[in-house]
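First comes the structure, then the notes that go with it.
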Amino acid sequence: MGFFPAQIGLQTVMALIVQKYGGTSVANPERIKKVAERVARFRAQGHQLVVVVSAMSGETDRLIKLAKEIQAQPDPRELDVMISTGEQVTIGMLAMALIERGIPAKSYTGSQVRILTDEAHTKARILEIDEQRMRADLDAGKVVVVAGFQGSTEEGDITTLGRGGSDTTGVALAAALKADECQIYTDVDGVYTTDPRIVPEARRLETITFEEMLEMASLGSKVLQIRSVEFAGKYKVKLRVLSSFEDKNDGTLITFEENTNMEQPIISGIAFNRDEAKLSLLGVPDRPGIAYGILAPVGQANVDVDMIIQNIGVDGSTDFSFTVHRNDYQKTLDLLNNTIKPETGAREVRGDNKICKVSLVGVGMRSHAGVASKMFKTLSEEGINIQMISTSEIKISVVIDEKYMELAVRALHKAFGLDSATPPAKG
Ligand code: ASP
Ligand code: MG
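So, in structure tokens, the structure goes:
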């Protein structure tokens, strides 16, 4: 593999690399042996390695299901005790696979490392990492294997970091150890212009900026847990996403510098998600305090609001629409009907949970006008009605009817020149 900063000329300089392997990469003993093989290869090049693993794919789901058979709403502390075990199995297995190859290795759970978190069970945040034990092992020539997704509180209670949290463990360890690179090995070989299952012409990006990656992750592109991307941004961790099944390319590097050359495409990727629902309050009296009167109770009900639109008032009344996560749809609809409508004096409540959000993302937008109009033209040519629009410096999102999602993504991918000349062979 030639992508190392560490490879200067012919001389290989030792680098400290954190590698993280997801659930499909450690799904069975054979795959775990494959991981050990790759780790061995890097080690043979003289690099030091810390390897973070997820639970075998499906294991965390299985454990959550088991918990729910006991308690419909599992006690969060006890749930963490249970669901952190998946990773304890895979660290032991990987360490054994390495030892079996003659490579000194040692596994650690999150609390053994001392990954200190807050007390927010099932979605804890990392506060501090003690790198001393890992450092000592690395200096002694050992490969350090760490359980992803978990840590422990000041009191020693086991916590987990939220689904997909092993990515965050990987990045956090890389930050704490000041690693040269954090490599996230997964079942795709990088970050794509859009989901190749929807657009076969989607292309792998050689690089993507940190800002774009953050947008892509938050907009529903599930390659990396969003918290891990935030972490990487904060601590300037060099992050790379690659395939654990084929070594044919260098994946996607998440960069901090923007590519300033003229070749920089305007749009880097298209994200979409079906997780939202739209709610509207029609005929609301147009007066100060209305937006607050609507959104404060929604916030108090613990519902996060994404897009918000308010019309210009005519005849003293206005229409107010917003989107929420689809899981919160019914709850919010009830709240609007039973409380907010009578309190604000609105005429009517409407809801639609068959919508989706499609977004163009690209730092190139900053220096190019006309992206929005091209997007709207493309959608109108397909006869797709836009229900809501929101923009930021590097993103334009529209809400459309869910049934047009794939059509919209395909048309936009083509219109913005993202299609590859030849579709990649299906693997
Ligand atoms: N095993 C955990 C999950 O499935 C953490 C991870 O895989 O990143 O969410
Ligand atoms: Mg994952």
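Numbering-wise (the numbering used here), the sequence shown opens with residue 1 and increments by one.
Glycine included, C-beta positions come from ideal geometry on N, C-alpha and C.
Just so it is clear, the structure is predicted and the values come from calculations on it, not from any experiment.
I'd like the span of the beta strand (DSSP E) that includes residue i, first residue to last.
{"i": "valine 146", "result": "143-147"}
{"i": "methionine 388", "result": "388-392"}
{"i": "proline 265", "result": "Counting along the chain, proline 265 falls outside any beta strand (DSSP E), and DSSP gives it neither H nor E."}
{"i": "methionine 307", "result": "305-310"}
{"i": "proline 285", "result": "276-285"}
{"i": "leucine 183", "result": "Residue 183 is actually glutamine in this sequence, not leucine. From DSSP, the beta strand (DSSP E) with glutamine 183 extends over 181-186."}
{"i": "leucine 116", "result": "115-117"}
Closest by CA to residue i, which one among the options?
{"i": "tyrosine 404", "options": "Glu382, Met388, Ser397 and Gly417", "result": "Glu382"}
{"i": "valine 188", "options": "Leu173, Ser228, Ala174 and Asp250", "result": "Asp250"}
{"i": "aspartate 75", "options": "Phe245, His121 and Thr85", "result": "His121"}
{"i": "glutamate 246", "options": "Gly190, Val409, Val53 and Arg410", "result": "Gly190"}
{"i": "arginine 133", "options": "Gly151, Val113 and Leu127", "result": "Val113"}
{"i": "threonine 85", "options": "Leu279, Ala124 and Gly151", "result": "Gly151"}
{"i": "valine 145", "options": "Glu131, Val409 and Leu281", "result": "Glu131"}
{"i": "threonine 344", "options": "Ala301, Gly283 and Asp315", "result": "Gly283"}
{"i": "alanine 408", "options": "Asp61, Val324, Phe320 and Ala271", "result": "Ala271"}
{"i": "alanine 436", "options": "Ser420, Gly164, Ile129 and Ile103", "result": "This structure gives no information on residue 436, because the portion of the chain shown stretches from 1 to 427."}
{"i": "serine 367", "options": "Lys65, Glu393 and Asp319", "result": "Glu393"}
{"i": "glycine 233", "options": "Thr209, Gly141, Asp319 and Ser54", "result": "Thr209"}
{"i": "methionine 365", "options": "Thr378, Ile396, Ile389 and Arg350", "result": "Ile396"}
Any idea if residue i is buried or exposed, counting beta-carbon neighbours within 10 angstroms, 16 or more meaning buried?
{"i": "isoleucine 312", "result": "exposed"}
{"i": "alanine 446", "result": "Nothing can be reported for residue 446: it is not among the residues displayed for the chain, which extend from 1 to 427."}
{"i": "arginine 287", "result": "exposed"}
{"i": "serine 373", "result": "exposed"}
{"i": "glutamate 87", "result": "buried"}
{"i": "alanine 72", "result": "exposed"}
{"i": "isoleucine 70", "result": "exposed"}
{"i": "leucine 10", "result": "Any reading at leucine 10 must be qualified, since the residue scores a pLDDT of 38, below 50, and its modelled position is unreliable; the value itself is stated next. Under this definition leucine 10 is an exposed residue."}
{"i": "asparagine 327", "result": "exposed"}
{"i": "serine 380", "result": "exposed"}
{"i": "aspartate 167", "result": "buried"}
{"i": "glutamine 19", "result": "buried"}
{"i": "threonine 193", "result": "buried"}
{"i": "tyrosine 235", "result": "exposed"}
{"i": "glycine 427", "result": "Model confidence at glycine 427 stands at a pLDDT of 35, short of 50, so the residue's coordinates are unreliable and nothing is read from them."}
{"i": "asparagine 385", "result": "exposed"}
{"i": "phenylalanine 42", "result": "buried"}
{"i": "lysine 178", "result": "exposed"}
{"i": "asparagine 273", "result": "buried"}
{"i": "proline 5", "result": "Only weak support is given to the placement of proline 5: the predicted model assigns it a pLDDT of 46, under 50, and the question is left unresolved by the model."}
{"i": "glutamate 215", "result": "buried"}
{"i": "threonine 339", "result": "exposed"}
{"i": "isoleucine 355", "result": "buried"}
{"i": "lysine 357", "result": "buried"}
{"i": "leucine 66", "result": "exposed"}
{"i": "leucine 412", "result": "buried"}
Output the boundary residues of the alpha helix (DSSP H) element that contains residue i.
{"i": "glutamine 132", "result": "132-139"}
{"i": "alanine 175", "result": "166-177"}
{"i": "tyrosine 108", "result": "It is not in any alpha helix (DSSP H) - tyrosine 108 instead sits in the beta strand (DSSP E) that spans 105-108."}
{"i": "leucine 224", "result": "Run containing leucine 224: none; DSSP gives neither H nor E here."}
{"i": "histidine 413", "result": "405-415"}
{"i": "leucine 79", "result": "76-83"}
{"i": "arginine 31", "result": "29-44"}
{"i": "glutamate 215", "result": "210-218"}
{"i": "arginine 62", "result": "59-70"}
{"i": "alanine 380", "result": "The sequence shown places serine at residue 380, rather than the alanine named in the question. Per DSSP, serine 380 belongs to the alpha helix (DSSP H) from 371-381."}
{"i": "isoleucine 340", "result": "No alpha helix (DSSP H) contains isoleucine 340, which DSSP labels as neither H nor E."}
Check whether the Cβ of residue i lies closer than 7 Å to any heavy atom of the ligand ASP, and answer yes or no.
{"i": "arginine 125", "result": "no"}
{"i": "threonine 429", "result": "Lying before the first or after the last residue shown, residue 429 is absent from the chain, which here runs from 1 to 427."}
{"i": "phenylalanine 231", "result": "no"}
{"i": "aspartate 250", "result": "no"}
{"i": "glycine 148", "result": "yes"}
{"i": "threonine 60", "result": "yes"}
{"i": "alanine 67", "result": "no"}
{"i": "alanine 55", "result": "yes"}
{"i": "glycine 316", "result": "no"}
{"i": "aspartate 80", "result": "no"}
{"i": "glycine 164", "result": "yes"}
{"i": "glycine 22", "result": "yes"}
{"i": "glycine 151", "result": "no"}
{"i": "glycine 86", "result": "yes"}
{"i": "aspartate 167", "result": "yes"}
Just checking my contact of residue i with residue j at CB under 8 Å: how many whole Å lie between their CB atoms?
{"i": "serine 221", "j": "threonine 186", "result": "Rounded, the Cβ-Cβ distance is 12 Å, inconsistent with contact."}
{"i": "isoleucine 17", "j": "glutamate 181", "result": "5 Å"}
{"i": "leucine 335", "j": "phenylalanine 416", "result": "Not really, about 39 Å apart at Cβ, beyond 8 Å."}
{"i": "valine 26", "j": "valine 53", "result": "5 Å"}
{"i": "histidine 325", "j": "aspartate 275", "result": "6 Å"}
{"i": "valine 237", "j": "valine 171", "result": "5 Å"}
{"i": "glutamine 387", "j": "lysine 278", "result": "7 Å"}
{"i": "threonine 207", "j": "threonine 159", "result": "Not confirmed; about 34 Å, so no contact."}
{"i": "serine 280", "j": "aspartate 306", "result": "The pair is not a contact, with the Cβ atoms about 14 Å apart (cut-off 8 Å)."}
With a threshold of 8 Å between beta-carbons, can residue i be considered close to chain D, or not?
{"i": "glutamate 276", "result": "Among the chains of the structure shown, chain D does not appear; only one protein chain is present."}
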